[in-house]
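Report on the structure given below.
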DNA sequence: TTGAAAGCGATACCAA
DNA sequence: TTGGTATCGCTTTCAA
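Chains as they are written, first to last, in this note's numbering: chain X, 102 to 439; chain E, 102 to 439.
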């Protein structure tokens, strides 16, 4: 079957390729009559311009990339929803890449994108990444990047984030106001800027109230699920186990629930729990989980919106380049006074 | 800054463009010496071939599309994980499109892809779609399509699905064995093949045991969340309310929990619930939800695997073109005998 | 208002 | 083993 391209249309209409091209792009110097003829045939043959020829010629891919540490997580999947909505509105395509929290994968993916495959990148960093060469390369490449949620402190690009320090502080004081005396803090590697912000908030609140900041109250979980679960369970089995747990990452709160079930610890009687979480089912858990909830959809939408703003006028440098949205504390039974 | 392309490399090395191209693709008829020289310079200048020039020339995009009804849902996000893993292993890129259960959007997206932007498509249909013109166009376009989960009965392509009829039957008999007499069935529009399969299983089980199949036990929810919730709540408020509910879609099970909480109905004492669900937190709900769980990751992986099989040898027609994986019933407290 | 032709960057065929 | 050139499909400049 013959491809339908400009040449084909031109031949059937006895016109030049350039005329057909201009007619389709509604150029001013084409007569109404030919425009109509061209459009009619194009529709009849279901003409679709070849995207690669276009991209090659125009140096624009009409595509953005989203690089994420994971996707089976309500925060990120809702954020993608926001991103996709904006992209569709701008007639852009969205490429997805998942790093699975692997720094090597992240670097490899970024390098895949340096050659113009995408016009811009939305990115949430993988945990535990020390080396940032790939980010430096990105910055040199003139491809605009917007970080969201897990942003980079060291690179001067646009960021969409939440008030992590305040949220960390707020979550901790919430536990304290519920009579918790030994408050544990659960985090991933702790390397990410947002983890550090949240932890600073935790530490400041704990110190301000004269509570223990013993190192053994801080559990750093690596990406290995089993390992993390074991560490958490171990902490909850100790004699001096905490009476309050602040999970700075969604999945860790779930581990706490599972560990408590196994250890027959009652929530909130024996341990109170608060977690950063966008779980749809937080209110249906047993007991309902008190959460710090991030505006996932809006963060995705904002990040995409700013990216397209830059794509439309690349010469403009964003002055105030960090957009901070607010997370909400939603109080539920897991931190109720008993 | 000058682009690094073949021309540039050729000039700096005093070679022809074609020679450089062949050297980089490790062609047999290029001397080791020049290969080395070319590779060295390419690495030094960080040469990245232009993907669009390549795609234009080779008529291959190294990209697949995934079209989904929604993404903020554990089933689909885990399925994407499986898809992305296979795609990365094959050095392919993954475009994501979300239809939000809108038939119009689905059709528009499919039409965007008819022009060669992708080499293949993985697709899960949107609900309530009657018109299938866009699928017909797809089939004519020679772009291989693999349906997964929400497959099409009418189009003869490759399908990856689960044993929906049996699962529907099994879920229903499970409720019956837990002494349920009036079993409600919750579904979306009911237009999708998988919905019909599941419902057939439900009906057969109910009839076999001589229980009521009254129409008012079947609740068809449209895509509107509020509307769906109201319908479910209304059913649970009636005097002849069901004592067992089978939610054939994940989100509907959540509505049942929420409605029961509002109506002060106890699960499982007053109503027992089973649901198709891939919720990470099913076991932590109050009470833990008995589920039919689909192998989401494997379904994504299988679908992608078959797609790449076809992409590698397009002339081969798949004989047995439906792959059926098995869902599991996981019994939990929401269907416990009381 | 329309046509001819150059060029985007990579590949592959034909010559040498 | 290497070079020259046509080609993929589209856009755009220059000429007519």
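Beta carbons are placed, not taken as given, at the ideal position from N, Cα and C, and that holds for glycine.
Does any CB atom of chain E fall closer than 8 Å to the CB of residue 149(X)? yes
Quick check on DSSP: helix, strand or coil for residue 183(E)? Correct three-state label for residue 183(E): helix.
Does any residue of chain X have a CB that is nearer than 8 Å to the CB of residue 435(E)? no
Verify the CB distance criterion: does residue 497(E) have a CB-CB separation below 8 Å to chain X? Any answer about residue 497(E) is impossible in this case: the structure gives chain E only from 102 up to 439.
Nearest-angstrom Cβ-Cβ length linking residue 197(E) and residue 185(X), presumed shorter than 8 Å: 7 Å
Cβ-based neighbour list, residue 397(E), same chain, cut-off 6 Å, excluding 5 preceding and 5 following: 176, 179, 180, 379
Note down, in chain order, each residue of its chain lying with its Cβ closer than 7 Å to the Cβ of residue 162(X), except the 5 sequence neighbours on either side. Setting aside the 5 residues that flank it on each side, residue 162(X) is surrounded in the same chain by 156, 217, 218, 219, 220, each with a C-beta closer than 7 Å to its C-beta; the list follows chain order.
Take the Cβ of residue 351(X) as the centre, count every other Cβ of all protein chains shown within 10 Å, and call the residue buried at 16 or more, exposed below. Within a 10 Å sphere around the beta-carbon of residue 351(X) sit 16 or more other beta-carbons, which makes this residue buried.
To the nearest angstrom, how far is the alpha carbon of residue 387(E) from that of residue 425(E)? Between residue 387(E) and residue 425(E), the C-alpha separation is close to 32 Å.
Excluding the 5 residues preceding and the 5 following residue 314(E) in the sequence, name in chain order all residues of the same chain whose CB lies nearer than 8 Å to its CB. 304, 307, 308
Quick one: what's got a C-beta closer than 7 Å to residue 264(X)'s C-beta in the same chain, skipping five residues either side? 425, 427, 428
For residue 104(E) and residue 238(X), what's the separation of their Cα atoms in angstroms? 15 Å
Quick one: what does DSSP say residue 409(X) is sitting in, helix, strand or coil? helix
Taking DSSP as the reference, what is the three-state secondary structure of residue 356(E)? helix
Uninterrupted alpha helix (DSSP H) stretches inside the stretch 141 to 212 of chain E (no shorter than 4 residues): 152 to 159, 175 to 190
Report the neighbours of residue 228(E) on chain X: residues whose CB is nearer than 8 Å to its CB, in chain order. None at all; the shortest Cβ gap to chain X is about 17 Å.
Beta carbon proximity, residue 355(X) to chain E, threshold 8 Å: yes
Buried or exposed: residue 282(E), going by 16 or more other Cβ atoms within 10 Å of its Cβ? exposed
What residue does the beta strand (DSSP E) around residue 460(X) start on, and which one ends it? Any answer about residue 460(X) is impossible in this case: the structure gives chain X only from 102 up to 439.
Whole-angstrom distance between residue 369(E) and residue 189(E), CA atom to CA atom: 44 Å
What is the rounded straight-line gap between the Cα of residue 391(X) and the Cα of residue 173(E)? 21 Å
Spatial neighbours of residue 273(E) within its chain, please: CB distance less than 7 Å, with the 5 preceding and 5 following residues excluded, ordered by chain position. 284, 302, 303, 306, 307, 347
Can you list, in chain order, the residues of its chain with a C-beta nearer than 8 Å to that of residue 435(E)? Leave out the 5 residues immediately preceding and following it. 368, 369, 373, 374, 375, 386, 388, 389, 390, 391
Below 8 Å on the Cβ atoms is my contact criterion, and I expect residue 333(E) with residue 358(E) to pass it. Report the Cβ-Cβ distance as a whole number of Å. In fact, because the Cβ distance is near 10 Å, the residues do not count as touching under 8 Å.
Proximity test, Cβ basis, 8 Å: residue 394(X) and chain E: no
To the nearest angstrom, how far is the alpha carbon of residue 234(E) from that of residue 276(E)? 40 Å
Enumerated in chain order, which unbroken segments of the beta strand (DSSP E) with a length of 3 residues or greater are wholly contained in the stretch 294 to 325 of chain E? 319 to 321
Answer with buried or exposed for residue 298(X), where buried requires no fewer than 16 other C-beta atoms within 10 angstroms of its C-beta. buried
Please report the Cβ distance between residue 170(X) and residue 135(X), rounded to the nearest whole angstrom; I am assuming they are in contact, meaning their Cβ atoms lie under 8 Å. About 53 Å; that fails the 8 Å criterion.
Give the straight-line distance between the Cα atoms of residue 102(X) and residue 255(E), rounded to the nearest whole angstrom. At residue 102(X), the pLDDT of 45 sits below 50, so the modelled position is not reliable; the number obtained from the coordinates is stated separately. Their backbone Cα atoms lie some 24 Å apart in a straight line.
Where the stretch 163 to 196 of chain E meets chain X: residues whose CB sits under 7 Å from a CB there: 172, 173, 175, 178, 179, 181, 182, 185, 194, 195, 196
Does the separation of the CB atoms of residue 223(X) and residue 405(X) fall below 8 Å? yes
Check this for me: beta carbons of residue 207(E) and residue 229(E), under 8 Å apart or not? no
Short check: CB of residue 204(X) to CB of residue 227(X), under 8 Å? yes
Tell me, please, whether the CB atom of residue 153(X) is closer than 8 Å to any CB atom in chain E? yes
Interface residues of chain E facing residue 222(X) [CB-CB closer than 8 Å]: Here the premise fails: no neighbours, minimum Cβ distance about 13 Å.
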